[in-house]
Amino acid sequence: MILALHLKRFKYMDQLHRYAKLSYRVVFPLELCLFNTSGDATNPDRMYDLVAVVVHCGSGPNRGHYIAIVKSHDFWLLFDDDIAEKIDARAIEEFYGLTSDISKNSESGYIIFYQPRD
Numbered sequence: 001m002i003l004a005l006h007l008k009r010f011k012y013m014d015q016l017h018r019y020a021k022l023s024y025r026v027v028f029p030l031e032l033c034l035f036n037t038s039g040d041a042t043n044p045d046r047m048y049d050l051v052a053v054v055v056h057c058g059s060g061p062n063r064g065h066y067i068a069i070v071k072s073h074d075f076w077l078l079f080d081d082d083i084a085e086k087i088d089a090r091a092i093e094e095f096y097g098l099t100s101d102i103s104k105n106s107e108s109g110y111i112i113f114y115q116p117r118d
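The sequence shown: position 7 = 7 (UniProt numbering), numbered continuously.
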């Protein structure tokens, strides 16, 4: 089972009459604890591990590029078209989004995938 979280990164802006990218910073942890509020849950405090991130690179929804970051055999790989490279887990922080409201080209996590821990 995989938990997929889709971050809303695009919004129609009335004043611009077009969609714009929302590059705000969203910190997604390598480990996620989701509390189950159901009384009959078999594992109420299940832990999830980040296993993949789809990243949108670009300034808007009609332009840009997608890359993927995937955890495989306890290390992280970044896939960009025909290039695959090993990256450090700390490098994932670069894809949290921007820390200011400045509209510019950004690389932002778009879809985040977690796998439950056994």
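A virtual CB, placed ideally from N, CA and C, is assigned to each residue, including glycine.
Closest to residue 62 by C-alpha separation, out of 18, 1, 111, would be which residue? Selected option, being the one with the closest Cα: 18.
For residue 16, count neighbouring C-beta atoms within 10 Å of its own C-beta (all shown protein chains included) and say buried if the count is 16 or more, exposed if not. Residue 16 counts as exposed, since fewer than 16 other C-beta atoms from the protein chains shown sit within 10 angstroms of its C-beta.
Taking 8 Å as the threshold, find out whether the stretch 19-29 comes into contact with the stretch 85-100 through three or more Cβ pairs. Contact between the stretch 19-29 and the stretch 85-100 is present, because at least three Cβ pairs lie under 8 Å.
Fully enclosed by the UniProt domain "USP" (1-117), which beta strand (DSSP E) runs are 3 residues long or longer? Note on the UniProt domain "USP" (1-117): whole beta strand (DSSP E) runs with a minimum of 3 residues are 3-6, 10-13, 18-21, 31-35, 45-60, 63-72, 75-80, 83-87, 106-116, in chain order.
Between the beta-carbon of residue 3 and the beta-carbon of residue 48, is there less than 8 Å? Yes, they are a contact pair.
Does the Cβ of residue 72 have 16 or more other Cβ atoms within 10 Å, making it buried, or fewer, making it exposed? The residue is exposed, with fewer than 16 neighbouring Cβ atoms inside 10 Å.
Mind checking if residue 21 is an interface residue toward chain D, Cβ cutoff 8 Å exclusive? In the structure shown, chain D does not exist; there is a single protein chain.
Which residue's Cα is closest to the Cα of residue 110: 87, 66, 82, 83? Out of 87, 66, 82, 83, 66 has the C-alpha closest to the C-alpha of residue 110.
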